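Novice: Quick one: the structure is below, questions incoming.
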Amino acid sequence: MNRCANKLSPEIIEDEISPDDAVEYINRRASEVYEMPEGFTIKGITILGEPPLYVGLKLKKKEILFYFKKPCFGTQLMKIKATEDEFDKIRAEGKRTK
Numbered sequence: 150m151n152r153c154a155n156k157l158s159p160e161i162i163e164d165e166i167s168p169d170d171a172v173e174y175i176n177r178r179a180s181e182v183y184e185m186p187e188g189f190t191i192k193g194i195t196i197l198g199e200p201p202l203y204v205g206l207k208l209k210k211k212e213i214l215f216y217f218k219k220p221c222f223g224t225q226l227m228k229i230k231a232t233e234d235e236f237d238k239i240r241a242e243g244k245r246t247k
């Protein structure tokens with residue numbers, strides 16, 4: 150199981166953010182928001198955090214918003230470029246909340 154978020158080459162939006170604040174940001178900025186099951190992956194990287202985990206899709210910009218708990222560093226809010234296949238995977242595995 151690979152858990153290194155740096156391999157995604159993310160853009161860090163906010164360093165040291167609380168999960169609640171990250172979810173609030175995602176809900177404000179994303180076109181679609183999904184509650185994801187524990188152990189879900191983005192591009193082969195397992196996303197760490199306290200369940201439930203939320204992921205946002207920015208459809209026009211083709212981006213995924215998510216937060217990741219880095220051991221010993223805390224929670225970071227990130228975004229990465231995405232493909233339609235990655236959007237479809239999130240839609241299939243997650244439960245839509247927005």
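Using the numbering used here, read the sequence shown as starting at 150 and increasing by one per residue.
For glycine and all other residues, C-beta sits at the position ideal for the given N, C-alpha and C.
All values derive from a computational prediction rather than experimental measurement.
1) Is A231 buried or exposed, if buried means 16 or more other CB atoms sit within 10 Å of its CB?
2) Distance, Cα to Cα, K211 vs D234?
3) Identify every run of the alpha helix (DSSP H) within the region 168-245, keeping only runs that are complete inside it and at least 4 residues long; order them along the chain.
4) How long is the line joining the alpha carbons of Y183 and R245, rounded to whole angstroms?
5) Grab me the residues of K218's own chain with a C-beta within less than 6 Å of its C-beta, minus the 5 sequence neighbours each way, in chain order.
6) Quick one: measure Cβ to Cβ for R240 and K207, integer angstroms, because I've assumed they're closer than 8 Å.
7) Taking the beta strand (DSSP E) that I162 belongs to, which residues open and close that run?
8) Return the chain-ordered list of same chain residues with a C-beta closer than 6 Å to the C-beta of V172, the five sequence neighbours on each side being excluded.
9) Please identify the residue among L226, M185, L214 and F236 whose C-alpha is closest to the C-alpha of D164.
Specialist: With the given structure in hand:
1) For this step, residue 231 is matched to residue 82 along the sequence shown. Buried, because 16 or more other Cβ atoms sit within 10 Å of the Cβ of A231.
2) Stepping through the sequence shown from its first residue, residue 211 is reached at position 62. Stepping through the sequence shown from its first residue, residue 234 is reached at position 85. The straight-line gap from Cα to Cα measures roughly 11 Å.
3) 168-178 and 233-242
4) Sequence index remark: in the sequence shown, residue 183 carries index 34 (1-based). Sequence index remark: in the sequence shown, residue 245 carries index 96 (1-based). So the two alpha carbons sit approximately 4 Å from each other.
5) Translated into the one-based positions of the sequence shown, residue 218 becomes position 69. Cβ contact annotation for K218 (same chain, cutoff 6 Å, sequence separation greater than five): L197, G198 and T224, in chain order.
6) Translated into positions along the sequence shown, residue 240 becomes position 91. Translated into positions along the sequence shown, residue 207 becomes position 58. At roughly 14 Å, the Cβ-Cβ gap does not stay under 8 Å, so R240 and K207 are not in contact.
7) Numbered from its first residue, the sequence shown carries residue 162 at position 13. Its beta strand (DSSP E) spans residues E160 to E163.
8) Looking up residue 172 in the sequence shown gives position 23. Closer than 6 Å at the Cβ level, and outside the excluded window around V172, lie Y203.
9) Position 15 of the sequence shown, counted from the first residue, corresponds to residue 164. Of the candidates L226, M185, L214 and F236, the one whose C-alpha sits nearest the C-alpha of D164 is L226.
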